[in-house]
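Comments concern the structure below.
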Amino acid sequence: MPINRIINLSYPSSNIHENKWNTYINRVNNQYINHSSMSHNINQSHYTSIPNIFPNLVSTLSSPFSSTSSLSQSKTSLGIEYTSDISHPFLTGESQTEQILNYILTNYKSHERPNENAHDPTIVSVFIHIIDISSSNVVQMEYTINCYLRQQWYDPRLSWDTNIQLNNNIKELLLNQQKNQLWLPDLFFRNGKSGFLHDMSQPNYLLRVKSNGQVLYSQKITMTLSCQMYLRKFPMDKQECTVNIGSYGYTIDQLKFIWHHDKPVTISNNLQLLEFESPHGAYTLVSKERIFFFFFPIAIYK
35 MPINRIINLS YPSSNIHENK WNTYINRVNN QYINHSSMSH NINQSHYTSI
85 PNIFPNLVST LSSPFSSTSS LSQSKTSLGI EYTSDISHPF LTGESQTEQI
135 LNYILTNYKS HERPNENAHD PTIVSVFIHI IDISSSNVVQ MEYTINCYLR
185 QQWYDPRLSW DTNIQLNNNI KELLLNQQKN QLWLPDLFFR NGKSGFLHDM
235 SQPNYLLRVK SNGQVLYSQK ITMTLSCQMY LRKFPMDKQE CTVNIGSYGY
285 TIDQLKFIWH HDKPVTISNN LQLLEFESPH GAYTLVSKER IFFFFFPIAI
335 YK
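Last residue of the sequence shown? That's 336 in my numbering, and every number before it is there in order.
Below you can see the structure in the form of C-alpha cells.
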C-alpha cells in the first residue's frame with residue numbers, strides 16, 4: 035500500500051519545492067514497498083526506519099502500529115514534517131553543477147563587494163594582452179588598441195571547496211549565464227575616449243570561478259585612449275602612452291586595482307608598428323584624489 039494513504043500530507047507553502055516533495059513521496063513509497071516485500075508482518079520498525087533512510091523526513095508517530103491489527107483497521111496516523119532543506123542528490127535529481135550553483139548563489143548579494151564588512155579593500159589585479167594597435171593619431175593625440183582585459187579577485191562567497199557535502203572534483207565553473215547575479219568591479223579607463231565590447235556571434239567575455247573563490251573576468255575590448263604626444267624631436271621622438279584605470283564609484287579604501295604580479299602587460303608577437311619601436315611596461319600608482327576650492331580677491335583696474 036502506498037504510504038501516502040496513511041500519511042497526513044502537508045505540502046510546503048512554496049511552489050519551488052513541490053516537485054522535490056513529490057520526489058520524496060515517490061521514494062518513500064518505493065522504500066515502503068521494498069520493506070513490505072521482505073516481511074509479512076507490519077511492525078514499528080518498518081515505519082521508524084523511514085527517517086533514518088530519509089533524514090529530511092521527521093516522523094511524528096503518535097503510537098506504534100499494533101502487530102495484530104490490519105492496516106485497513108488501524109486508526110493510528112503517521113505524520114511527516116517536511117523540511118525544505120534538501121541536500122541529497124539522489125532525491126533532488128540535481129546535477130553536481132546545479133548543486134554548487136545553488137550553494138554559492140543562495141543569499142548572494144551582488145550589490146555587496148567581497149569582504150565588505152572587513153576593513154581592508156577588495157584587491158583586483160589587472161592584466162592586459164594587446165592584440166594590436168590599430169591606429170595612432172598625432173593630430174588628435176590618441177591611439178586605438180584591441181586587447182584582452184582580464185581582472186582577477188577573490189570572493190569567498192563563491193567558494194565551495196570547504197563544503198564536504200559538495201563534489202570537490204569540480205574545481206571551476208563557467209558563470210557567463212550568471213554574470214548579472216555576481217558582484218563585478220566597476221573598472222573604467224580614465225583616459226578613454228571611446229570603446230566597445232566585441233560581440234561577434236556572442237558577447238566576448240568570460241567569467242570563471244574556481245572552488246577557492248578566485249574569480250577571473252576577461253573581456254575583448256577595442257578602445258581609443260588619449261595620449262599626450264610631444265613631437266619636438268620628430269622623427270627621433272619617444273612617446274609614452276598610458277592606460278590609466280581606476281574605479282568609477284569606489285574609493286581606494288574600498289576597492290584597489292593593481293597590476294598583476296606576473297606579466298601584467300603582454301603584446302602579441304604579430305604586432306608591428308612601422309613608425310615606432312614598442313617597449314612596454316606597467317606600474318601601479320595608488321593615490322587619493324582630493325578637490326580643493328580656493329577663493330581669492332581680484333582687483334580690476336581701468
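We treat Cβ as the ideally placed atom computed from N, Cα and C, and that holds for glycine.
Residue i, enclosing alpha helix (DSSP H) - first and last residue
i	result
E132	Q130 to L139
Under 8 Å between C-beta atoms of residue i and residue j
i	j	result
D166	S281	no
S168	W293	no
I134	L200	yes
K227	L259	yes
L221	Q185	yes
Q253	Y264	no
W194	Y137	yes
I204	T131	yes
L241	N210	yes
L139	Q212	yes
Per-residue burial, residue i [other beta carbons within 10 Å of its own, 16 or more giving buried]
i	result
T156	buried
Y251	buried
F230	exposed
S129	exposed
K143	exposed
F223	buried
S106	Interpretation of S106 is limited by its pLDDT of 44, a score under 50 that renders its predicted location unreliable; no figure is taken from the coordinates.
Selected residue, minimal CA-CA separation from residue i, among the options
i	options	result
V249	Y142, R147 and D189	D189
F291	L207, Q236 and P219	P219
Q146	L183, S235, C181 and Q215	The sequence given here places Glu at residue 146; Gln does not occur at that position. Comparing Cα-Cα distances from E146 to each of L183, S235, C181 and Q215, the minimum goes to Q215.
H295	I162, Q273, K244 and Q288	I162
Q337	G283, K143 and C261	For residue 337 there is no data in the structure shown, the boundaries of the chain being 35 and 336.
E206	S245, V277 and Y182	S245
N180	T276, T256 and E274	T256
A152	L289, H232, G283 and V299	L289
E176	Q273, T140 and Q211	Q273
N225	S170, C275, M234 and T140	C275
E150	D287, N202, L139 and N304	D287
K297	I164, P237 and F268	I164
G247	D233, L208, F268 and H232	L208
R266	V172, P148 and N141	V172
Opening and closing residue of the beta strand (DSSP E) in which residue i lies
i	result
Y182	E176 to Y188
T300	V299 to I301
I198	No beta strand (DSSP E) contains I198, which DSSP labels as neither H nor E.
L192	Taken as a continuous stretch (DSSP letters only), L192 belongs to no beta strand (DSSP E), as it is neither H nor E.
F268	Element bounds for F268: n/a, residue is neither H nor E.
T256	Q248 to S260
H294	Run containing H294: none; DSSP gives neither H nor E here.
K143	First-last for K143: undefined, no H or E at that position.
D166	T156 to N171
V243	Y239 to K244
K213	Neither: K213 is in no beta strand (DSSP E) and is coded neither H nor E.
I279	I279 to S281
S235	Element bounds for S235: n/a, residue is neither H nor E.
K227	G226 to L231
L208	E206 to L208
L221	L221 to F223
Check: residue i C-beta below 7 Å from any heavy atom of the ligand FAD
i	result
L218	The ligand content of the structure shown is nil, which means the ligand FAD is not present either.
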